[in-house]
Amino acid sequence: MKRFYYLDYLRIYATIAVITIHVSATAVRANPFETGLSGWLSGNFFESLARASVPIFIMISGALLLNDNRSLPYSQFLKKRISKIAIPLLLWSIIYYLAGSFSNEYDYSTKNFIYKLLTDDIIYHLWFMYTIIGLYLITPLVKILMQHSSKRDVEYFLGLWIFASVLLKFMVYLVGFSIKIELFFVTNFVGYFVLGYYLLKYQFSKKNILYSQILLILGLLGTFFLTYYGTIKNQGVLEQYWYEYHSITVLLTSVGLFTLFKDILFKSKQDINAFLNWFSQASFGIFLVHVLVLNYLLAAVFDKINIQFHSIIAIPLNVIIILIVSSMITYIIRKIPVLRKMVP
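Mind the numbering: the sequence shown is residues 2 to 345 in the numbering used here, read in order.
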């Protein structure tokens, strides 16, 4: 299958952005009326830039898997894909469960571990793994649908998804209820999955590329200012709707960023240097490791940095430290054959 180098650069962005979200959380969850507005605004700034991370990750997966014309039996496809997720999920769940137990976050027991593993309740960032497993399970069926769909058909699917997963959720945010209609087939992250396929397969016109960049700016500004407005209106309690992955502003940002990387920044890029290539390939491992560094291994260091520096400096500094340490740990793990499956 042809390699699309802009997807590597998007994967690098998404990896850095996920870490940025988790680092910035401390700043934006604080009450700005108590801790100071400037620090909160800094956190909101970085959060707004990073909120498209998970949609971009899922769009990359959809772009690659649904555009792959190779035909594989269900058993072969699922064995290959699910094992790459299920094994790391189990191993890292054990690691994070032990880390949480040693930190007295919960009582250790095999029964409790199994319960938390099955209910996605061990550590906050592993929810993504459960989502990816679900998307992989339906990929063979969605792939058949896409292969027999015209551009118009795919746009109809995406239109239903935007209605069911974006507009109806916005309606709940505005008025507290939504239209009762069953559209489970086109809800939640499967839409981003198909959106990635659509944006890779079909080329925007120059006019639509321009519109996408206007929407990108509107999405970023909307996330920042609407979150600020809502938080101030809530007396300092974080307004979280505009950070949600299916909010209107995050959708606009995600489409705009994908198009920016594909059609503007890396349109003619036909290669990638060795370090960035390694980073792109190791991004999944870095994602899995980074919360261990943030919450456990260097938590005391980050606490000191947050005290010593303003958030506008502390957040990027912490992100850089986490990236370096997580990359080093991932590099070491990948070099040890018996551990390599932890960071596929």
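Positions of the beta carbon are idealized from the N, C-alpha and C atoms, including for glycine.
- Would you mind working out which of Arg12, Ser166 and Gln214 sits nearest Ser54, comparing C-alpha positions? In the sequence shown, residue 54 corresponds to position 53, counting from 1. The shortest C-alpha separation from Ser54 is found at Arg12.
- Message: Tell me which residues share the same chain as Ile210 and place their Cβ nearer than 8 Å to its Cβ, disregarding the 5 neighbours each side in the sequence.
- Response: The sequence position of residue 210 within the sequence shown is 209, counting from 1. Only Thr260, Asp264 and Ile265 meet the Cβ criterion.
- Message: DSSP three-state label for Ile233, please.
- Response: Locating residue 233 in the sequence shown gives position 232, where the first residue counts as 1. If DSSP states are grouped into helix, strand and coil, Ile233 belongs with the helices.
- Task: Quick one: which unbroken alpha helix (DSSP H) runs of 4-plus residues sit fully inside the region 297-331? Chain order, please.
- Result: If we require 4 residues or more, the alpha helix (DSSP H) runs fully inside the region 297-331 come out as 300-309.
- Item | Meets three-Cβ-pair contact criterion under 8 Å: the region 114-127 and the region 85-98 | Touching, per the Cβ criterion.
- Message: I'd like the ranges of any alpha helix (DSSP H) spanning at least 4 consecutive residues and lying wholly in the region 116-182.
- Response: Here the runs fully enclosed are 128-148, 152-162 and 169-176.
- Item | His291 (DSSP reduced to helix, strand or coil) | The residue given as residue 291 occupies position 290 in the sequence shown. Three-state result, His291: helix.
- Which first and last residues belong to the alpha helix (DSSP H) in which Arg12 is found? Against the sequence shown, residue 12 aligns to sequence position 11. From DSSP, the alpha helix (DSSP H) with Arg12 extends over Tyr6 to Arg30.
- Message: Which of the three DSSP states is assigned to Asn45 in this structure?
- Response: Within the sequence shown, numbered from 1, the residue matching residue 45 stands at position 44. In the three-state reduction of the DSSP assignment, Asn45 falls in the helix class, which pools H, G and I.
- Task: Give me the Cα-Cα distance between Tyr157 and Val187, rounded to the nearest whole angstrom.
- Result: Here residue 157 refers to the residue found at position 156 when the sequence shown is read from its first residue. Here residue 187 refers to the residue found at position 186 when the sequence shown is read from its first residue. In a straight line, the C-alpha of Tyr157 is about 10 Å away from that of Val187.
- Query: Going along the chain, which residues of its own chain have a beta-carbon closer than 7 Å to the beta-carbon of Leu289, five neighbours each way excluded?
  - Reply: If you number the sequence shown from 1, residue 289 lands on position 288. Once the five neighbours on either side are set aside, the close Cβ partners of Leu289 are Pro89, Trp93 and Val344.
- Contact set for Gly257: own chain, Cβ-Cβ below 7 Å, skip 5 residues either direction: Reading the sequence shown from its first residue, position 256 is the one you call residue 257. Once the five neighbours on either side are set aside, the close Cβ partners of Gly257 are Ser213, Gln214, Leu216, Leu217 and Gly220.
- Query: Is it buried or exposed for Asn105, if we count other Cβ within 10 angstroms and need 16 for buried?
  - Reply: In the sequence shown, residue 105 corresponds to position 104, counting from 1. Asn105 is classed as exposed because its beta carbon has fewer than 16 other beta carbons within 10 Å across all chains shown.
- Item | Cβ pair count under 8 Å reaching 3, the region 190-198 against the region 60-75 | Touching, yes.
- Reducing DSSP to helix, strand and coil, say where Tyr203 ends up. Within the sequence shown, numbered from 1, the residue matching residue 203 stands at position 202. Looking at Tyr203 - three-state DSSP - the assignment turns out to be coil, as it is neither helix nor strand.
- Query: Is the region 129-138 touching the region 162-172 in the sense that three or more CB pairs, one from each, lie closer than 8 Å?
  - Reply: With a cut-off of 8 Å, the region 129-138 and the region 162-172 do not count as touching, because too few Cβ pairs lie within range.
- Query: Closest by CA to His126, which one among Leu8, Ile20 and Arg82?
  - Reply: Taking the sequence shown and counting its residues from 1, the one referred to as residue 126 is at position 125. By alpha-carbon distance to His126, the top candidate from Leu8, Ile20 and Arg82 is Ile20.
- Cβ neighbour criterion (16 or more within 10 Å) applied to Tyr385: Within the shown structure, residues of the chain are numbered from 2 to 345, placing residue 385 beyond reach of any answer.
- Item | Sequence-distant residues of the same chain with beta carbon closer than 8 Å to Glu245, five excluded per side | Counting from one through the sequence shown, the residue named residue 245 turns up at place 244. So the qualifying residues of the chain are Lys170 and Val251.
- Message: Can you tell me whether Ser62 is helix, strand or coil according to DSSP?
- Response: Start at 1 with the first residue of the sequence shown, and residue 62 comes out as number 61. DSSP places Ser62 within a helical segment (H, G or I) once states are collapsed to three.
- So Tyr199 packs on Val155, CB below 8 Å; how close in whole Å? Against the sequence shown, residue 199 aligns to sequence position 198. Against the sequence shown, residue 155 aligns to sequence position 154. The C-beta distance from Tyr199 to Val155 rounds to 5 Å, short enough to fall under 8 Å.
- Item | Under the three-state DSSP convention, the category Asp264 falls into | Position 263 of the sequence shown, counted from the first residue, corresponds to residue 264. Under the three-state reduction of DSSP output, Asp264 falls in the helix class.
- Item | Nonlocal neighbours in the same chain, by C-beta distance under 7 Å from Ala28, ignoring five residues either side | The sequence position of residue 28 within the sequence shown is 27, counting from 1. Excluding residues within five positions, the ones whose Cβ falls inside 7 Å are Gly40, Trp41, Ser43, Gly44, Ser312 and Ile316.
- Inspect the beta-carbon positions of Ile287 and Thr331 and report whether they are closer than 9 Å. As a first step, residue 287 must be located in the sequence shown, where it is residue number 286. As a first step, residue 331 must be located in the sequence shown, where it is residue number 330. Taking the C-beta atoms as reference points, Thr331 is found nearer than 9 Å to Ile287.
- Report back the beta-carbon spacing between Asp9 and Asn278 to the nearest angstrom; my notes put them in contact at under 8 Å. As a working mapping, residue 9 is identified with position 8 in the sequence shown. As a working mapping, residue 278 is identified with position 277 in the sequence shown. Yes, they are in contact, since the Cβ atoms of Asp9 and Asn278 sit about 7 Å apart, within 8 Å.
- Task: Go ahead and label Trp128 buried or exposed: buried means 16 or more other beta carbons lie within 10 angstroms of its beta carbon, across all protein chains shown.
- Result: Position 127 of the sequence shown, counted from the start, is the residue given in the question as residue 128. Classification for Trp128: exposed.
- Are the beta-carbon atoms of Ile22 and Ala51 separated by less than 9 Å? Indexing the sequence shown from 1 puts residue 22 at position 21. Indexing the sequence shown from 1 puts residue 51 at position 50. Taking 9 Å as the Cβ cut-off, Ile22 and Ala51 qualify as a contacting pair.
- Message: For Lys181 and Val167, what's the separation of their Cα atoms in angstroms?
- Response: Looking up residue 181 in the sequence shown gives position 180. Looking up residue 167 in the sequence shown gives position 166. Their backbone Cα atoms lie some 14 Å apart in a straight line.
- Thr16 and Ser284 look like a contact to me (Cβ under 8 Å); what is the Cβ gap, rounded to whole Å? Looking up residue 16 in the sequence shown gives position 15. Looking up residue 284 in the sequence shown gives position 283. About 4 Å separates the beta carbons of Thr16 and Ser284, which is inside the 8 Å limit, making them a contact pair.
- Member of Ile314, Thr224 and Pro74 whose CA lies at the smallest distance from the CA of His247: By 1-based counting over the sequence shown, the position of residue 247 is 246. Looking at the Cα atoms, Thr224 is the closest of the given residues.
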